[in-house]
Amino acid sequence: MDKNIKNTFLPLVGVESEHSARIIEGALAKVEGIVSATVELNNHRVLIHTNQPDTIAAAMDTIQSLGYEVPTVKASFPALEMSCASCAGSIENVVKMQEGILYASVNFATGFLSVEYLPNITNPFLLQKAVQNAGFDLLIENNSVQDTLEDLHNKKYHQLKTRTLWAVILAFPVMVIGMFFMDMPYANWIMWAFSTPVVLWLGRDFFRNAWKQTLHRSANMDTLVALSTGIAYLFSVFNTLFPEFWHRRGLHAHAYFEAAAVIIAFILLGRLLEEKAKSNTSTAIKKLIGLQPKSVTILQDNGSELQIPIEQVAIGNRILVKPGEKIAVDGEVLSGTSFVDESMLSGEPIPIEKKAYDQVFAGTINQKGSFTFRATKVGSETMLAQIIQMVQDAQGSKAPVQKMVDRIARIFVPSILMIAVLTFVLWNVFGGENALIQGLLSAITVLVIACPCALGLATPTAIMVGVGKGAEKGILIKDAESLELAEKIDAIILDKTGTITEGKPQVTDSLWIEDVSTLKNILLSIEKQSEHPLAEAIIQHFSQSEMVEISQFESITGKGAKATYNGDGYWVGNRKLLTEQQINIPSQLIDASKQWETQGKTVIWFANSQQALAVFAIADKIKATSKEAIYQLQAMGIEVYMLTGDNHATAKAIAKQVGISQYKAEVLPQDKADFVKALQQNQRTVAMVGDGINDSTALATANVSIAMGKGSDIAIDVAKMTIISSDLLKIPQAIRISKATVQTIKQNLFWAFIYNIIGIPLAAGILYPINGFLLDPMIAGAAMALSSVSVVSNSLRMRYFD
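Structural data, given as structure tokens:
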């Protein structure tokens, strides 16, 4: 076989017949770059022979277009030993080059590598080895990764704190001597003695990491620091040992030990502050993880209590929750009653009453009562675990603007190296008497002042804080792109049922000719046997009534139901049913029904064989906050639309009550998606808000998709944002968070770019021909350290955004 042809196996799911295998083979053979393909049914895989790179993605798309699945693994691993945004780019490139990798992205702010790969070709250990060869590391342990990572960060922080403290202590006398007592006896030797441990011991990681990068033909922030401080240190050592070299040329043998030592001290201090600030951006995750207790009390079969670690809880365990305790896993109440604080899920401070058959969720807090519940979801399946994973994924995702910043960060360090060399050359060509010294210092200052970290941190730190703020408010944001886009929304489409309304039909009005408890019991008993969706509203309304024994129950399709009690016939249903039975309807009931119908409510009649006994209005109640939320959205300049599958009368009534002038009724699921597309064709940024399966197509089509947390799983899976409490007021709040986040990103990028645009020319000596100004390398080191800290601090301001 041609040595240029490469063999790749792709796993297959759903291929069972030879016919299907031949279809896949034929389709793959038409893909450019694929020489041949053979489906191995027994091994559930396809062998692909390719002669071009980057054909795997095309092969997967082809297979999936035929309705089959190529299983992949998506995972996130903490990336260690990163010092700047260029490091993140290096790891990302190394991982992307590995066979079987479909997607790789490293977020410098969160310190996580997000990757999607083919499990039959690569695995986490191979990725770890590749990353280690590049001078970095991955944490791939499966259990308690967050705890392990927290321990590593704490250890790193304390080590950095110790090194920084010693660097400041040792660099201070060097700075004092270098600035004020340069002519004292043995000044250079004393500065040499103090600066050596700072440069060669406390700053050793800069040189070690720079060397690793060089071996891999790469460069990062450590390269700049190592070059600048190393050159300054060696130049000073040479001048201390051989001062006559310069004296013979009529020049003074200056030593710049203070520059080397103070630069390292400043950069270590900057990284210490940066590490502290970055850890503060992940407080939302820490808070969520802290909601889960470490141990639980389970009830054994003999009735005794047993304390076990939360990791040992299994589905079906009976768990006792005492007053004030946190609920460990998701489950269903078996016995007992209490009120539970679910504010971590809904953002609402009012505790929810829990009784038998009610659902409880991990991380929520029991109040004064106690109860027993059966575990139904444990570990990563609990709602809390899924929320934590969503927040982590969102914080690790990249906003569209970050892609541009990443490209800049990758070429930043090589560009700075070229500028430093050019600075040195230009000084030596045009610099005059002290050109060599000044050129060397200017080149060192350029290397010191340049800061890719500020650029690298500008977007992800703001995204982390914004996503975390949303999580605190009960708004789950699944990716950075939707967070960035939300502030551009100028049209928002609301589903009616379950979004504007409660999604649960209720009896809103009733009128009886004769209010007799026996009649209520009969009505309840009939509706208990009815399968009509509206029957549940009647049952809930008369939940305090008692059941009686009825006979001859019959469901009448499209009209209602009838039954017999003590020999008398009773009917429940629409007016058409009563008319067909020639039942008399009192005028006061007719007047009430007409009034309710104009309000878009559904009218239900109850009658015996002689006359109508009562009439009821059933409607899906509007949520208490819907009208205010819609008003706030309109006040933001956003056009609000309502789409519903309900009839025109109901749609008109609901729209009028909440202040929506643009609405459509009797809309099918595809009609909703088409409406979204029509708005998008008019250059609108469209948000779709829904809660049902029928909304999923429109949600997938919209620019920003928002699901109600109490809606269907499909809608929640499709949507990029989820409002856990299903409160519409959270939507304008999410838009405000988006606006604050985007504004912070713009501020961060502005200052990061301006800092480098102004700082690098100043460091190169652009003002020297004008006014003789040269930037001191020590001042440059302080400025570089502060630039990263200022960007992170600016992002942290959003934590106080209300």
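Counting from 1, one number per residue, gives the positions in the sequence shown under full-length UniProt numbering. Here a beta-carbon is modelled for each residue, glycine too, at the ideal position from N, C-alpha and C.
Nonlocal neighbours in the same chain, by C-beta distance under 7 Å from residue i, ignoring five residues either side
{"i": "residue 739", "result": "487"}
{"i": "residue 482", "result": "704, 720 and 721"}
{"i": "residue 820", "result": "Outside the shown range of the chain (1 to 802) lies residue 820, about which nothing can therefore be said."}
{"i": "residue 346", "result": "In this prediction, residue 346 scores a pLDDT of 49, lower than 50, which makes its location untrustworthy; the coordinate-derived value is nonetheless stated afterwards. Cβ within range, chain order: 474, 724 and 725."}
{"i": "residue 759", "result": "449 and 783"}
{"i": "residue 216", "result": "134 and 135"}
{"i": "residue 568", "result": "608 and 609"}
{"i": "residue 35", "result": "5, 49, 50 and 51"}
{"i": "residue 803", "result": "In the structure displayed, the chain extends from 1 to 802; residue 803 sits before or after that span and is not available."}
{"i": "residue 446", "result": "416, 419, 420, 423, 760, 763 and 764"}
{"i": "residue 299", "result": "305, 318, 320 and 372"}
{"i": "residue 308", "result": "295, 296 and 298"}
Limits of the unbroken alpha helix (DSSP H) element including residue i
{"i": "residue 19", "result": "18-29"}
{"i": "residue 735", "result": "730-764"}
{"i": "residue 206", "result": "204-215"}
{"i": "residue 656", "result": "648-658"}
{"i": "residue 439", "result": "435-449"}
{"i": "residue 677", "result": "669-681"}
{"i": "residue 605", "result": "From DSSP, residue 605 is part of no alpha helix (DSSP H) but of the beta strand (DSSP E) over 602-608."}
{"i": "residue 575", "result": "575-580"}
{"i": "residue 50", "result": "Not the alpha helix (DSSP H): residue 50 falls in the beta strand (DSSP E), residues 45-50."}
{"i": "residue 62", "result": "56-65"}
{"i": "residue 696", "result": "696-701"}
Reduced DSSP category for residue i - H, G, I as helix; E, B as strand; rest coil
{"i": "residue 121", "result": "coil"}
{"i": "residue 163", "result": "helix"}
{"i": "residue 568", "result": "strand"}
{"i": "residue 133", "result": "helix"}
{"i": "residue 81", "result": "coil"}
{"i": "residue 309", "result": "strand"}
{"i": "residue 769", "result": "helix"}
{"i": "residue 32", "result": "coil"}
{"i": "residue 229", "result": "helix"}
{"i": "residue 12", "result": "coil"}
{"i": "residue 254", "result": "coil"}
{"i": "residue 477", "result": "strand"}
{"i": "residue 616", "result": "strand"}
{"i": "residue 264", "result": "helix"}
{"i": "residue 69", "result": "strand"}
{"i": "residue 294", "result": "coil"}
{"i": "residue 341", "result": "strand"}
Contacting residues, own chain, Cβ-Cβ under 6 Å from residue i (five flanking each side not counted)
{"i": "residue 236", "result": "255, 256 and 257"}
{"i": "residue 524", "result": "542 and 545"}
{"i": "residue 1", "result": "Because the pLDDT of residue 1 is 44, which lies under 50, any placement of that residue in the model is unreliable, and the question is left without a value."}
{"i": "residue 494", "result": "500, 642 and 689"}
{"i": "residue 707", "result": "715, 716, 719 and 722"}
{"i": "residue 477", "result": "394, 467, 470, 483 and 721"}
{"i": "residue 557", "result": "none"}
{"i": "residue 293", "result": "326 and 328"}
{"i": "residue 16", "result": "none"}
Range of the contiguous beta strand (DSSP E) that encloses residue i
{"i": "residue 318", "result": "318-321"}
{"i": "residue 687", "result": "686-690"}
{"i": "residue 101", "result": "101-107"}
{"i": "residue 325", "result": "Per DSSP, residue 325 belongs to no beta strand (DSSP E) and is neither H nor E."}
{"i": "residue 597", "result": "No beta strand (DSSP E) contains residue 597, which is instead part of the alpha helix (DSSP H) from 587-598."}
Spatial neighbours of residue i in its chain, beta-carbon cut-off 8 Å, leaving aside the 5 residues before and after
{"i": "residue 10", "result": "45, 46, 48, 56, 59, 60, 63, 70, 118 and 120"}
{"i": "residue 192", "result": "236, 237, 240, 255 and 257"}
{"i": "residue 213", "result": "90, 135, 219, 220, 222 and 223"}
Beta-bridge partners of residue i, as assigned by DSSP
{"i": "residue 811", "result": "Any answer about residue 811 is impossible in this case: the structure gives the chain only from 1 up to 802."}
{"i": "residue 708", "result": "723"}
{"i": "residue 662", "result": "641"}
{"i": "residue 74", "result": "116"}
{"i": "residue 196", "result": "Its beta-bridge partners do not exist; DSSP assigns none."}
{"i": "residue 371", "result": "321 and 336"}
{"i": "residue 355", "result": "Residue 355 is not bridged to any residue."}
{"i": "residue 366", "result": "340"}
The ligand ZN heavy atom lying under 7 Å from the CB of residue i
{"i": "residue 764", "result": "The ligand ZN is absent from the structure shown, which contains no ligand whatsoever."}
**Study point:** Contained alpha helix (DSSP H) runs [length at least 4] in the segment 484-559, N- to C-terminal order
**Key:** Entirely contained in the segment 484-559, the alpha helix (DSSP H) runs reaching 4 residues are, in chain order, 517-529 and 535-541.
Exercise for review: Output the residue ranges of the alpha helix (DSSP H) runs that lie fully inside the segment 621-651 and measure 4 residues or longer, sorted by chain position.
Suggested key: Correct list: 626-635.
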